[in-house]
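Q: Provided herewith is a single structure, encoded as structure tokens, for subsequent inquiry.
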Amino acid sequence: MRSLIHSLIVLIFLTPTLTAGVLEEAPISKETKACIMCHQKVTPGIVADWETSRHAKTTIQQALSQDELSKRISISQTPATVSADVAIGCYECHTLNAENHADNFKHYSKNVNVIVTPKDCATCHPVEVEEYSHSKKAYAIDNLIGNPLFKILVEASTGVMEYQNGLIQRVSKNAQNITCLKCHGTEVTVDGMIEVETDMGNIEVPNLRNWPNQGVGRKNPDGSLGSCAACHARHSFDIEIARKPYTCGQCHLEPDVPGFNIYKESKHGNIFSSKFMKFDFAAVPWTIGEDFTAPTCATCHNSLIVNSKGDVIANRTHDFGQRLWVRLFGLPYTTPQPIDGNTSKIINADGQPLPATFANVHANEYLIDPKIMDERKQLMGNICNACHSTNWVNNSFHELDRTIEEVDSVLLASTQLMAAIWEAGLADNTNPFDEAIERTWIEQWLFFGNSIKLASIMAGPDYAAFKNGWWDITKNAHAMKDFLNKK
Amino acid sequence: MRSLIHSLIVLIFLTPTLTAGVLEEAPISKETKACIMCHQKVTPGIVADWETSRHAKTTIQQALSQDELSKRISISQTPATVSADVAIGCYECHTLNAENHADNFKHYSKNVNVIVTPKDCATCHPVEVEEYSHSKKAYAIDNLIGNPLFKILVEASTGVMEYQNGLIQRVSKNAQNITCLKCHGTEVTVDGMIEVETDMGNIEVPNLRNWPNQGVGRKNPDGSLGSCAACHARHSFDIEIARKPYTCGQCHLEPDVPGFNIYKESKHGNIFSSKFMKFDFAAVPWTIGEDFTAPTCATCHNSLIVNSKGDVIANRTHDFGQRLWVRLFGLPYTTPQPIDGNTSKIINADGQPLPATFANVHANEYLIDPKIMDERKQLMGNICNACHSTNWVNNSFHELDRTIEEVDSVLLASTQLMAAIWEAGLADNTNPFDEAIERTWIEQWLFFGNSIKLASIMAGPDYAAFKNGWWDITKNAHAMKDFLNKK
Amino acid sequence: MRSLIHSLIVLIFLTPTLTAGVLEEAPISKETKACIMCHQKVTPGIVADWETSRHAKTTIQQALSQDELSKRISISQTPATVSADVAIGCYECHTLNAENHADNFKHYSKNVNVIVTPKDCATCHPVEVEEYSHSKKAYAIDNLIGNPLFKILVEASTGVMEYQNGLIQRVSKNAQNITCLKCHGTEVTVDGMIEVETDMGNIEVPNLRNWPNQGVGRKNPDGSLGSCAACHARHSFDIEIARKPYTCGQCHLEPDVPGFNIYKESKHGNIFSSKFMKFDFAAVPWTIGEDFTAPTCATCHNSLIVNSKGDVIANRTHDFGQRLWVRLFGLPYTTPQPIDGNTSKIINADGQPLPATFANVHANEYLIDPKIMDERKQLMGNICNACHSTNWVNNSFHELDRTIEEVDSVLLASTQLMAAIWEAGLADNTNPFDEAIERTWIEQWLFFGNSIKLASIMAGPDYAAFKNGWWDITKNAHAMKDFLNKK
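Those sequence lines, one after another, are chains C, Z and P.
If you read the first sequence in this note's numbering, its first letter stands for residue 1, the second for the next number, and so on.
If you read the second sequence in this note's numbering, its first letter stands for residue 1, the second for the next number, and so on.
If you read the third sequence in this note's numbering, its first letter stands for residue 1, the second for the next number, and so on.
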């Protein structure tokens with residue numbers, strides 16, 4: 001049979017993920033030790049999860065000693081507010097910038113923030129936080145609820161109903177919190193203190209509203225935007241989790257934004273699902289071919305990617321739109337990406353807060369210009385080219401271009417049908433988003449159009465065809481035509 | 001590079017699942033050896049699967065020698081009917097309680113039961129079987145088909161159709177067996193003997209009806225209820241399988257009971273999918289933080305959970321409703337959990353076999369009281385608290401409370417709309433579950449209401465929003481209103 | 001605690017997949033070395049993926065030296081066109097049969113084919129290619145687009161729309177390429193040469209049309225049919241990928257062909273998902289019980305399966321219909337499997353290019369006869385019997401038989417309803433596939449009927465019940481009846 005040593009060598013060779021996590025030991029500060037003493041009892045899962053983290057095993061000094069490409073922090077010298085020679089523990093993170101934190105409270109002898117915010121993480125990761133602060137994600141609340149049109153859409157879709165000789169609908173903050181805002185983020189506020197029962201006796205803690213929430217655009221009690229924990233799951237903050245597609249799959253789901261669903265059904269997703277155990281999801285930089293042989297969302301959209309010689313193929317970014325030239329998510333049409341992550345400021349030629357008019361005239365002053373579009377296309381193309389021929393990549397992009405045109409044509413036809421239905425008095429556009437036939441129209445651009453376009457570029461044909469795809473968009477168009485003609 | 005020894009230590013440290021299964025050898029009885037001799041040839045997969053099992057490597061004596069928390073059997077002394085010093089093999093299980101087994105037959109020289117039932121498993125696992133026998137799962141057939149209202153629903157939904165100047169529908173046992181009863185369980189009966197061709201020649205075996213089936217409420221030929229194999233897949237009976245979410249995902253699926261789908265999209269599911277290779281799914285007791293850092297269904301709903309000091313956070317239960325205070329599954333509304341697992345006995349104030357009337361008046365005498373509700377909420381909260389702050393948990397529960405109110409309001413409005421439609425003669429409530437518009441109403445409470453409520457407490461926002469969520473429930477309500485007004 | 005050595009032995013024992021890949025070294029030809037020199041820079045991912053492959057580590061000589069059951073190539077002597085003593089690299093595959101390749105071009109000093117086709121793979125794998133060439137998969141384009149009826153269906157479902165006093169629809173090749181043909185395959189043609197920018201400077205390459213594509217029936221520039229890469233993902237060509245269900249899950253998806261979805265929710269899928277890390281997906285032959293304890297798609301449909309004694313349970317086949325007796329995919333009804341993989345030749349008694357008339361009269365001369373049906377049923381049954389009793393298997397098959405009858409009854413009723421709707425002038429059958437009510441009818445047989453039948457035999461009840469199952473088929477039938485009666 002096989003020799004033991006040979007097998008061991010093979011084992012070690014084939015299991016890079018198991019060894020990539022080897023870290024130095026780091027001393028735990030006496031303050032964090034005090035936290036752990038109680039929390040090991042009251043919240044043992046948090047403590048144990050943190051113990052598996054890189055934070056628990058690394059000092060800032062050690063983190064700074066890495067070469068530039070391997071560094072996992074983006075400061076170049078030790079920060080003033082955290083000790084450089086201890087592990088990054090409870091105390092180190094939960095006490096930062098206390099003066100800005102409305103959620104700061106006296107917890108036994110220490111002043112502690114309940115929520116660690118991007119502003120706090122910026123102590124060691126300032127570049128990532130800065131990049132993120134310009135992204136659409138950071139503005140995810142205002143981009144939705146701060147947009148007067150989308151606000152109506154949200155309220156119509158989540159309105160609590162009663163029936164009294166007709167349907168009466170009322171706005172519900174709670175319904176919004178468990179739906180749209182669970183991903184987009186809530187505005188977390190502090191409403192005094194509240195007494196809670198714990199295993200250590202009753203204690204007073206800040207009474208948080210619109211909480212819990214880990215949405216990408218969360219408004220925090222220190223005024224900052226976002227939640228790093230949306231992707232970097234507490235308290236291991238494991239880069240392995242952030243890089244695997246399941247993280248994106250918390251929100252990027254069918255029917256509106258089916259990126260994760262399409263990925264799973266694509267060749268990329270197939271290879272990932274089949275071979276992920278042999279990939280190294282913790283390596284920084286992330287070496288294409290060596291650490292993985294199929295991309296995940298993070299590979300193409302934000303990670304630092306190098307080839308086996310260490311040449312950079314793509315730099316890290318936490319502004320997740322930076323490698324994208326068009327915005328496929330249709331409102332109702334595809335346009336160039338917005339210049340600014342805060343899209344609630346956009347006003348189109350018809351005065352609507354949308355990047356295109358219903359006639360598909362783009363609000364160009366708010367959108368990136370062709371030169372920037374080309375640069376980003378080139379950047380993304382470089383990543384594709386690491387595994388695909390230029391012809392393959394160019395044709396794929398060309399296929400997308402044509403798909404955008406074709407889908408937008410159907411969306412225009414559907415919008416014209418909707419206008420005709422309103423005109424004929426068959427629906428009431430006082431609220432354009434509540435009635436059943438209006439929902440049929442909305443599904444065209446909010447579900448099916450997005451699905452087809454994403455499926456085109458990601459090569460997941462089911463979502464272009466029968467699952468919220470061409471089948472559905474053409475069926476719905478016929479149903480709208482029937483509605484108009486019949487009544 | 002890395003040193004071999006260092007890597008090996010890391011390997012061992014990080015792969016608890018691989019070493020947790022180390023077991024003593026156990027001698028195989030001569031009777032089981034006889035079974036294996038042929039079955040290794042005729043059904044090699046069964047034998048090989050069993051060989052990987054704990055049953056194949058443990059005697060009752062060894063199992064009894066474990067300390068109380070680590071014990072995997074719930075007897076305290078050796079049973080009279082099984083040898084205590086042999087592995088638990090074919091013969092040991094398939095010959096128990098033969099006198100009660102209508103499926104017992106002479107198989108070569110032995111009297112063998114085709115089906116091993118919970119009553120047989122109770123030989124070594126009596127506490128689990130006793131607990132299970134009180135659960136809604138054990139009564140899953142009668143809770144469905146034994147309920148006259150649901151019987152009509154099942155028959156309408158699975159009726160085989162012909163068209164002769166109108167749709168004619170007939171009841172099909174087969175259609176029920178492959179749909180509802182595949183999960184709920186069939187009544188397995190014995191219809192004499194039948195000759196079957198095998199590799200060892202023709203033999204006579206009991207002719208089972210409504211078989212194969214592994215539904216949770218299966219009625220067995222010995223009069224017992226349930227199938228342990230529903231979750232403990234034969235013949236490895238691996239606790240690893242039962243504890244992973246895929247087992248629950250055989251039945252708890254969208255659109256009616258989307259627990260598994262929501263889990264996958266939640267933060268819990270994300271962490272599980274990303275890191276399950278590093279968890280130990282075989283350890284008993286199951287240590288939070290140490291054996292796993294994200295819960296699966298089993299963690300919260302039934303496993304024996306301890307902290308790293310060995311303190312019990314939650315005791316094991318096989319009555320899967322024991323940690324639940326409300327029944328989110330809407331019929332049509334949410335009520336407290338029923339007192340008795342057999343819910344077919346419930347009669348509400350309107351004489352319907354439902355836990356609430358159509359006006360949402362609860363049948364309180366059949367439902368647990370507020371005190372028991374509080375106790376269960378506390379118990380579940382303790383599990384959540386192992387990883388989350390009290391404020392986080394309380395707010396999550398409060399969010400659920402409000403969601404229940406809000407969803408039930410829409411369900412009441414929908415039910416009132418349906419009543420108005422029946423009243424107006426636009427649908428015929430002789431059979432309230434067959435027509436298309438009635439299905440629209442049913443989807444409100446059987447699909448969308450359940451989905452929203454589960455998604456609220458499990459934090460999987462897609463199923464609260466666009467995927468059978470608020471989007472769908474409000475759209476359907478408008479469609480029902482249109483139906484009523486148009487005609 | 002555990003002893004190091006004990007743990008290591010357990011590790012090795014439990015991780016067959018890690019050691020199964022141990023291969024000899026194979027020298028790389030100087031031509032391939034030349035390819036790699038540049039491509040390591042321009043497409044590092046391809047080179048790195050290939051380096052993980054068996055091709056990179058095996059010579060034909062070594063491959064030939066295996067015993068018959070273990071051989072992974074189907075030639076018995078070294079081919080004339082490839083060196084037998086080098087690894088199978090870029091040059092060895094991309095230069096074969098150059099004279100037939102319209103996509104051959106002068107690439108630096110070599111004549112290289114862009115696409116490696118089944119005809120090229122046949123150099124070493126002739127039996128697999130021959131088998132495949134008779135399968136429905138090989139003819140997947142003509143079976144769809146070459147069938148005049150399905151062509152209309154495809155064009156109606158993917159037609160790009162404009163609205164000008166009515167919906168105008170135009171046929172789009174691009175829309176077909178990203179939907180149906182992404183799985184079925186495109187006809188890849190060469191339209192001269194095109195200059196592309198690369199990291200090594202501008203070069204000229206063949207300008208491929210309807211590319212990229214890896215569909216199962218792709219028409220290649222050398223006249224061959226199919227793409228081995230559809231399942232054997234380039235450039236690792238890992239059998240592990242082909243044998244895992246994710247590969248089939250690229251195309252066999254709900255709502256039309258939900259094999260993968262149903263598998264995931266079945267007991268088989270549950271065990272696979274729970275325990276795949278302990279299975280050996282690379283072993284040839286594939287030993288049931290030893291290499292795996294739950295089947296994947298490949299196990300039942302095409303792999304070479306043996307028992308632990310090495311007895312063959314099922315021979316390998318790359319004609320994926322060879323173990324199937326009925327064709328569950330309904331057009332609209334279930335019939336025996338076609339004799340010929342090219343189904344576009346079938347004409348039924350009503351002159352339609354369908355295996356059954358709308359009244360469900362089978363076109364028997366094109367379909368396998370009862371004797372062949374029985375042989376295939378027996379063959380598939382043998383595989384099932386490796387893990388299940390004869391009674392279990394027979395009853396499952398019987399359940400399927402009844403389900404086929406019942407579903408076909410509903411499909412007949414639905415088709416009669418559609419005919420009545422056309423007759424009444426409520427829809428226009430000039431194009432029988434475009435209008436909304438026609439789509440309702442199509443969903444009956446293209447979605448729900450298929451779903452129920454597959455779910456019946458694969459024991460994934462959700463897809464027989466509420467998810468495109470009996471619930472949906474009966475609801476839609478009522479909706480069609482309402483449509484007929486109302487107007």
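Yeah, the Cβ is synthetic: ideal placement off N, Cα and C, and Gly gets one too.
1) From residue 174 of chain C to residue 104 of chain C, what does the alpha carbon distance come to, in whole angstroms?
2) Just checking my contact of residue 179 of chain C with residue 479 of chain Z at CB under 8 angstroms: how many whole Å lie between their CB atoms?
3) Just confirm the distance between the C-beta atoms of residue 49 of chain Z and residue 236 of chain Z, as a whole number of angstroms; I'd bet it's less than 8 angstroms.
4) With distances taken from CA atoms, which of P/82, P/83, P/58 is nearest residue 71 of chain P?
5) Does DSSP put residue 244 of chain Z in a helix, in a strand, or in coil?
6) Cβ of residue 184 of chain C within 8 angstroms of Cβ of residue 223 of chain C?
7) Using the beta-carbon count (16 or more within 10 Å), is residue 444 of chain C buried or exposed?
8) Report buried or exposed for residue 289 of chain Z, applying the criterion of at least 16 other Cβ atoms within 10 angstroms of its Cβ.
9) If you draw a straight line from the alpha carbon of residue 291 of chain P to that of residue 306 of chain P, how long is it in whole angstroms?
10) Taking the alpha-carbon positions, what's the residue 10 of chain C to residue 244 of chain Z distance?
11) In the region 377 to 430 of chain P, which residue ranges form an unbroken alpha helix (DSSP H) of at least 4 residues, counting only runs that do not cross its ends?
12) Output the distance between the C-alpha atoms of residue 354 of chain Z and residue 412 of chain Z, rounded to the nearest integer angstrom.
13) To the nearest angstrom, how far is the alpha carbon of residue 309 of chain C from that of residue 388 of chain C?
14) Strictly below 7 angstroms CB to CB, what residues from chain P border residue 271 of chain C?
15) Could you tell me the alpha carbon to alpha carbon distance between residue 358 of chain Z and residue 419 of chain Z, rounded to whole angstroms?
16) Determine whether the Cβ of residue 218 of chain Z lies closer than 8 angstroms to any Cβ atom of chain P.
17) Just how far apart, CA to CA, sit residue 482 of chain P and residue 414 of chain Z?
18) Using a Cβ-Cβ distance under 8 angstroms, would residue 258 of chain C count as near chain P?
19) Check the DSSP bridge columns for residue 314 of chain P and list the partner residues they point to.
20) Hey, quick one: how far does the beta strand (DSSP E) through residue 277 of chain P stretch, first residue to last?
21) Find the nearest neighbour of residue 436 of chain C within the set Z/401, Z/334, Z/473, Z/278, judged by alpha-carbon distance.
22) Just to confirm, are residue 507 of chain P and residue 66 of chain P a CB contact at a threshold of 8 angstroms?
23) Pull up the CB-CB distance for residue 450 of chain P and residue 329 of chain P, whole angstroms please, since I reckon it's below 8 angstroms.
24) Less than 8 angstroms between CB atoms is the rule here; does residue 247 of chain C satisfy it with respect to chain Z?
25) Quick one: what's got a C-beta closer than 8 angstroms to residue 69 of chain P's C-beta in the same chain, skipping five residues either side?
26) Going along the chain, which residues of its own chain have a beta-carbon closer than 6 angstroms to the beta-carbon of residue 298 of chain P, five neighbours each way excluded?
27) Look at the Cβ atom of residue 213 of chain P, then the Cβ atom of residue 181 of chain P, and state whether they are nearer than 8 angstroms.
28) Is residue 199 of chain P buried or exposed, if buried means 16 or more other CB atoms sit within 10 Å of its CB?
29) Can you give me the start and stop residues for the alpha helix (DSSP H) that residue 458 of chain P sits inside?
30) Within 8 angstroms of any Cβ in chain C, is that where the Cβ of residue 489 of chain Z sits?
31) Tell me which residue opens and which closes the beta strand (DSSP E) that residue 62 of chain Z is part of.
32) Comparing alpha-carbon positions, which option in C/207, C/125, C/234 lies nearest residue 78 of chain C?
33) With distances taken from CA atoms, which of Z/267, Z/239, Z/208, Z/238 is nearest residue 231 of chain C?
34) Would you tell me roughly how many angstroms separate the C-alpha atoms of residue 373 of chain C and residue 134 of chain C, rounded to the nearest one?
35) Evaluate residue 149 of chain C with the Cβ neighbour count: other Cβ atoms within 10 Å of its Cβ, from every protein chain shown; 16 or more gives buried, anything less gives exposed.
36) Using a beta-carbon distance below 8 angstroms, is residue 481 of chain Z in contact with chain C?
A: Walking through what the data contain:
1) Translated into the one-based positions of the first sequence, residue 174 of chain C becomes position 174. Translated into the one-based positions of the first sequence, residue 104 of chain C becomes position 104. Going by the C-alpha atoms only, they are around 25 angstroms apart.
2) Sequence index remark: in the first sequence, residue 179 of chain C carries index 179 (1-based). Sequence index remark: in the second sequence, residue 479 of chain Z carries index 479 (1-based). About 20 angstroms separates the two Cβ atoms, so there is no contact after all.
3) Taking the first residue of the second sequence as position 1, residue 49 of chain Z is located at position 49. Taking the first residue of the second sequence as position 1, residue 236 of chain Z is located at position 236. That pair is a contact at about 5 angstroms.
4) The residue labelled residue 71 of chain P in the question sits at position 71 within the third sequence. In terms of Cα proximity to residue 71 of chain P, the closest of P/82, P/83, P/58 is P/58.
5) Looking up residue 244 of chain Z in the second sequence gives position 244. Residue 244 of chain Z falls in the coil class under three-state DSSP.
6) Here the question's residue 184 of chain C lines up with position 184 in the first sequence. Here the question's residue 223 of chain C lines up with position 223 in the first sequence. With contacts defined as CB atoms closer than 8 angstroms, residue 184 of chain C and residue 223 of chain C fail to qualify as a contacting pair.
7) In the first sequence, the residue the question calls residue 444 of chain C occupies position 444. Its Cβ being crowded by 16 or more others within 10 Å, residue 444 of chain C is buried.
8) Taking the first residue of the second sequence as 1, we reach residue 289 of chain Z at position 289. Residue 289 of chain Z should be labelled buried.
9) In the third sequence, the residue the question calls residue 291 of chain P occupies position 291. In the third sequence, the residue the question calls residue 306 of chain P occupies position 306. Straight-line Cα distance between these residues: approximately 10 angstroms.
10) Position 10 of the first sequence, counting from 1, holds the residue named residue 10 of chain C. Position 244 of the second sequence, counting from 1, holds the residue named residue 244 of chain Z. Low local confidence applies: a pLDDT of 40 at residue 10 of chain C is under 50, so the model's placement there is unreliable, with the coordinate-based value given in what follows. Taking the straight line joining both Cα atoms gives about 29 angstroms.
11) DSSP runs (the alpha helix (DSSP H)) wholly in the region 377 to 430 of chain P: 390 to 423.
12) For the purposes of this step, residue 354 of chain Z is identified with residue 354 of the second sequence, where counting begins at 1. For the purposes of this step, residue 412 of chain Z is identified with residue 412 of the second sequence, where counting begins at 1. Spanning the alpha carbons of residue 354 of chain Z and residue 412 of chain Z requires a straight line of approximately 15 angstroms.
13) By 1-based counting over the first sequence, the position of residue 309 of chain C is 309. By 1-based counting over the first sequence, the position of residue 388 of chain C is 388. If you take the alpha carbons of residue 309 of chain C and residue 388 of chain C, they lie about 18 angstroms apart.
14) Taking the first sequence and counting its residues from 1, the one referred to as residue 271 of chain C is at position 271. Going along chain P in sequence order, the residues near residue 271 of chain C (Cβ under 7 angstroms) are 233, 241.
15) Here residue 358 of chain Z refers to the residue found at position 358 of the second sequence. Here residue 419 of chain Z refers to the residue found at position 419 of the second sequence. Straight-line measurement puts the Cα of residue 419 of chain Z at about 10 angstroms from the Cα of residue 358 of chain Z.
16) As a position in the second sequence, residue 218 of chain Z is number 218, starting the count at 1. By this cut-off, residue 218 of chain Z is not an interface position.
17) The residue given as residue 482 of chain P occupies position 482 in the third sequence. The residue given as residue 414 of chain Z occupies position 414 in the second sequence. Just so you know, the alpha carbons of residue 482 of chain P and residue 414 of chain Z end up roughly 21 angstroms apart.
18) On the first sequence, residue 258 of chain C is found 258 positions in, with the first residue counted as 1. With 8 angstroms as the cut-off, residue 258 of chain C does not count as an interface residue toward chain P.
19) One-based indexing of the third sequence puts residue 314 of chain P at position 314. For residue 314 of chain P, DSSP records a beta bridge to P/305.
20) Reading the third sequence from its first residue, position 277 is the one you call residue 277 of chain P. Note, residue 277 of chain P: premise wrong, no beta strand (DSSP E); not H, not E.
21) By 1-based counting over the first sequence, the position of residue 436 of chain C is 436. Z/473 is the residue among Z/401, Z/334, Z/473, Z/278 whose C-alpha sits nearest the C-alpha of residue 436 of chain C.
22) Past the edges of chain P, shown from 1 to 487, lies residue 507 of chain P, and the structure says nothing about it.
23) As a working note, residue 450 of chain P is residue 450 in the third sequence. As a working note, residue 329 of chain P is residue 329 in the third sequence. Contact holds; Cβ gap of about 6 angstroms.
24) Mapped onto the first sequence, residue 247 of chain C falls at position 247. Answer yes: the Cβ-Cβ gap between residue 247 of chain C and chain Z drops below 8 angstroms somewhere.
25) Mapped onto the third sequence, residue 69 of chain P falls at position 69. If we look at residue 69 of chain P and ignore the five residues flanking it on each side, its Cβ neighbours are 284, 285, 304, 306, 310, 312.
26) In the third sequence, counting from the first residue as 1, residue 298 of chain P sits at position 298. Cβ within range, chain order: 243.
27) Here residue 213 of chain P is taken as the residue at index 213 of the third sequence, counted from 1. Here residue 181 of chain P is taken as the residue at index 181 of the third sequence, counted from 1. Yes, these two residues count as a Cβ contact at 8 angstroms.
28) Taking the first residue of the third sequence as position 1, residue 199 of chain P is located at position 199. Label assigned to residue 199 of chain P: exposed.
29) Taking the third sequence and counting its residues from 1, the one referred to as residue 458 of chain P is at position 458. Unbroken alpha helix (DSSP H) run through residue 458 of chain P: 449 to 458.
30) With chain Z covering 1 to 487 only, the question about residue 489 of chain Z has no answer from this structure.
31) Residue 62 of chain Z sits at position 62 when you count from the first residue of the second sequence. Unbroken run through residue 62 of chain Z is the alpha helix (DSSP H), 60 to 64; no beta strand (DSSP E).
32) For the purposes of this step, residue 78 of chain C is taken as the residue at position 78 of the first sequence. Sorting C/207, C/125, C/234 by C-alpha distance to the C-alpha of residue 78 of chain C places C/125 at the top.
33) Taking the first sequence and counting its residues from 1, one reaches residue 231 of chain C at position 231. Closest by alpha carbon: Z/267.
34) Taking the first sequence and counting its residues from 1, one reaches residue 373 of chain C at position 373. Taking the first sequence and counting its residues from 1, one reaches residue 134 of chain C at position 134. In this structure, the straight-line span from the alpha carbon of residue 373 of chain C to that of residue 134 of chain C is close to 17 angstroms.
35) Against the first sequence, residue 149 of chain C aligns to sequence position 149. Exposed is the label assigned to residue 149 of chain C, since fewer than 16 other Cβ atoms lie within 10 Å of its Cβ.
36) Along the second sequence, one-based indexing puts residue 481 of chain Z at 481. Yes, residue 481 of chain Z counts as interfacial toward chain C.
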